[in-house]
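Chemist:
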Amino acid sequence: MKIQFIPVHQITEPRTIAVGLSGGSGTGKTYTALRIARGIAKRVTGKDGAPIGYVDTENKRALHYKEAFPEMMHFDFTALDEAGEVVGFGVQRWIEVIDAAEAAGLPVLIIDSFSHAWEGVGGVLDLHAQVLDRLVRDKEAQNQRYNNSTPVDPAKYSQLAWAEVKPRYRRLIDRIVRAKTNIIICTRAKPVMQAGFGAKAKNARATKTRREDVPWDPASDGDLMFEMTAMVILDPAAPGCPVHQIKVADQFKGLFDPNRPMSEHTGMMMAEWASGQGEAQKQKEVMDAAREIARGGTEAFTKWWTGDGKQHRAIVKPIIEEIQALCAAADDFAKLSDDVPFGRSDDDHGDQFDGTDPARTNLGEDTRGDA
Numbered sequence: 015m016k017i018q019f020i021p022v023h024q025i026t027e028p029r030t031i032a033v034g035l036s037g038g039s040g041t042g043k044t045y046t047a048l049r050i051a052r053g054i055a056k057r058v059t060g061k062d063g064a065p066i067g068y069v070d071t072e073n074k075r076a077l078h079y080k081e082a083f084p085e086m087m088h089f090d091f092t093a094l095d096e097a098g099e100v101v102g103f104g105v106q107r108w109i110e111v112i113d114a115a116e117a118a119g120l121p122v123l124i125i126d127s128f129s130h131a132w133e134g135v136g137g138v139l140d141l142h143a144q145v146l147d148r149l150v151r152d153k154e155a156q157n158q159r160y161n162n163s164t165p166v167d168p169a170k171y172s173q174l175a176w177a178e179v180k181p182r183y184r185r186l187i188d189r190i191v192r193a194k195t196n197i198i199i200c201t202r203a204k205p206v207m208q209a210g211f212g213a214k215a216k217n218a219r220a221t222k223t224r225r226e227d228v229p230w231d232p233a234s235d236g237d238l239m240f241e242m243t244a245m246v247i248l249d250p251a252a253p254g255c256p257v258h259q260i261k262v263a264d265q266f267k268g269l270f271d272p273n274r275p276m277s278e279h280t281g282m283m284m285a286e287w288a289s290g291q292g293e294a295q296k297q298k299e300v301m302d303a304a305r306e307i308a309r310g311g312t313e314a315f316t317k318w319w320t321g322d323g324k325q326h327r328a329i330v331k332p333i334i335e336e337i338q339a340l341c342a343a344a345d346d347f348a349k350l351s352d353d354v355p356f357g358r359s360d361d362d363h364g365d366q367f368d369g370t371d372p373a374r375t376n377l378g379e380d381t382r383g384d385a
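Quick note on my numbering: the sequence shown kicks off at 15 and runs consecutively.
(1) Report the rounded CA-to-CA distance for arginine 151 versus tyrosine 160, giving the unit in angstroms.
(2) Nearest CA to the CA of arginine 202: which residue from Ala348, Met282 and Phe128?
(3) Is the separation between the beta-carbon of valine 111 and that of isoleucine 66 shorter than 7 Å?
(4) Would you say the region 68-81 touches the region 290-310, given that touching needs at least three Cβ pairs under 8 Å?
(5) Would you call the region 42-49 in contact with the region 91-106, where contact means no fewer than 3 C-beta pairs closer than 8 Å?
(6) Whole alpha helix (DSSP H) runs in the region 279-343 with 4 or more residues, listed along the chain?
(7) Between isoleucine 199 and glutamine 106, what straight-line distance do the alpha-carbon atoms span, to the nearest angstrom?
(8) Cβ of valine 179 within 7 Å of Cβ of leucine 146?
(9) I'd like to know whether the C-beta atoms of glycine 268 and glutamine 297 end up nearer to each other than 7 Å.
(10) Exposed or buried, which one is lysine 204 when buried takes at least 16 other CB atoms within 10 Å?
(11) Note down the Cα distance separating aspartate 360 from alanine 339, rounded to an integer number of angstroms.
(12) Exposed or buried, glutamine 265, counting other C-beta atoms within 10 Å across all chains shown (16 or more means buried)?
(13) Determine the contact status of alanine 244 and valine 58, defining contact as a CB-CB distance below 7 Å.
(14) Kindly indicate which three-state DSSP category tyrosine 45 falls into: helix, strand or coil?
(15) On the three-state DSSP scale, how would you describe serine 359?
(16) Per DSSP, what kind of secondary structure is valine 166 in: helix, strand or coil?
(17) Where do the N-terminal and C-terminal ends of the alpha helix (DSSP H) with proline 65 fall, by residue?
(18) With a threshold of 6 Å (Cβ to nearest heavy atom), would phenylalanine 315 be considered close to the ligand ATP?
(19) Comparing C-alpha positions only, which one of Thr92, Ser163 and Pro229 sits nearest to glycine 409?
(20) Just reading off the alpha helix (DSSP H) that valine 262 is part of, what are its end residues?
(21) Applying the 10 Å Cβ sphere with the 16-neighbour rule, what's the burial state of isoleucine 197?
(22) Using 8 Å as the cut-off, can you tell me whether the region 182-197 makes contact with the region 21-31, which would need three or more C-beta pairs spanning the two stretches below that distance?
(23) Please name the residue or residues paired with threonine 26 in a DSSP beta bridge.
(24) If you compare alpha carbons, which of Gly98, Lys61 and His130 is closest to tryptophan 108?
(25) Which residues in the same chain as arginine 182 place their Cβ atom closer than 7 Å to its Cβ, once the five residues preceding and following it in sequence are excluded?
(26) Helix, strand or coil: how does DSSP classify lysine 204 here?
(27) Does DSSP put leucine 2 in a helix, in a strand, or in coil?
(28) Could you pull out every residue in the same chain whose Cβ sits closer than 7 Å to the Cβ of threonine 41, ignoring the five residues on either side in sequence?
(29) For lysine 216, which beta-bridge partners are listed by DSSP?
(30) Going by C-alpha distance, which of Asp322, Gln18 and Asp235 is nearest glutamate 133?
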């Protein structure tokens with residue numbers, strides 16, 4: 015293997031993006047994916063009506079939108095082969111689909127629904143069950159040969175089965191990340207039972223998003239969403255809106271308004287960033303500067319917000335809750351007593367260490383004159 019480090023200014027090929035959309039029924043995943051894809055395709059090719067690749071595992075559901083999106087290039091992806099035999103949704107078949115999209119020169123590819131790769135026939139969970147069953151049967155056969163009547167606990171072999179299955183799936187994720195075409199991945203999401211009510215409600219169990227405030231659990235691998243350029247979960251209460259933002263970099267926060275449906279503009283701006291153009295990087299720099307000012311406390315940030323920051327308010331508003339938390343932390347830290355390092359003032363944190371040894375003081379000894 016030849017290893018060569020290349021100056022970044024010599025790398026001119028555009029970056030690709032991978033967008034993850036997850037949600038339950040009625041959240042607008044398909045329509046939203048098509049709108050974003052149209053924007054990406056237009057920015058990549060420079061023309062309207064550029065082709066959109068569509069991998070449909072949902073019984074040709076995407077064809078409901080063929081009049082609105084005549085540029086769609088549809089592929090009906092089923093669990094059957096051409097002879098009608100069940101072959102499932104194994105890893106290699108998905109890799110072949112991405113290979114075909116690249117060979118066709120498609121500027122963008124939608125996969126709907128990628129949940130079949132995880133929980134469909136021949137998917138990861140199905141394969142794990144098959145491997146686990148084989149390991150258990152092998153162990154039972156071994157026990158029988160040695161007249162061992164101890165029952166075999168399948169739970170003890172689950173991790174061993176994952177060790178065999180996960181590397182195959184990681185090959186697929188790596189293929190997605192390294193794709194030369196832009197990809198939009200749609201996955202199903204299931205509601206999570208809540209503990210508590212109203213503002214105090216939180217998930218009653220751990221989810222793949224690793225967040226208690228997102229009441230949806232994507233039907234996919236837990237690591238997939240964090241491999242995406244951006245990953246959002248849609249909600250039936252606001253179809254098409256990025257209500258739950260699982261992974262959104264600063265460069266895109268202005269594009270993902272929880273109160274506004276994603277559109278062609280979203281795709282165009284993301285593709286513009288991928289081509290090394292646009293204002294995305296400058297927006298990130300403004301956000302970073304605002305964070306640094308907020309670390310000086312509410313007074314410092316308010317002064318900036320009403321002064322030089324006026325022109326940047328629209329950029330900073332998507333992270334305003336984070337800014338508020340930084341200001342509060344800085345204000346709280348400012349309450350520390352200047353005379354007492356590493357501790358709060360007496361009013362906030364009780365009596366502080368006064369430099370004497372309590373044990374020796376109790377014995378009536380004066381510690382100040384010790385040599």
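Note that beta-carbon positions come from the ideal geometry of N, C-alpha and C, so glycine has one too.
Modeler: Inspection of the coordinates gives the following:
(1) 14 Å
(2) Phe128
(3) no
(4) no
(5) no
(6) 294-308, 312-319 and 327-330
(7) 17 Å
(8) no
(9) yes
(10) exposed
(11) Unreliable positioning characterises aspartate 360 in this predicted model, as indicated by a pLDDT of 46, which lies under 50. The coordinate reading is nonetheless provided below. Spanning the two alpha carbons is a distance of roughly 24 Å.
(12) buried
(13) no
(14) helix
(15) In this prediction, serine 359 has a pLDDT of 47, which is less than 50 and means its spatial position is unreliable; nothing more can be read from the coordinates.
(16) coil
(17) Looking at the DSSP string, proline 65 is not in any alpha helix (DSSP H), and its letter there is neither H nor E.
(18) With respect to small molecules bound, the structure shown includes none, and the ligand ATP cannot be examined in it.
(19) Not covered by the structure: residue 409. The range shown for the chain is 15 to 385.
(20) Looking at the DSSP string, valine 262 is not in any alpha helix (DSSP H); the run it does join, the beta strand (DSSP E), is 258-262.
(21) buried
(22) yes
(23) For threonine 26, which the question treats as bridged, DSSP gives no partner whatsoever.
(24) His130
(25) Val105
(26) strand
(27) There is no way to answer for residue 2, as the model of the chain reaches only from 15 to 385.
(28) Leu248, Asp249, Pro250 and Pro253
(29) Ala209
(30) Asp235
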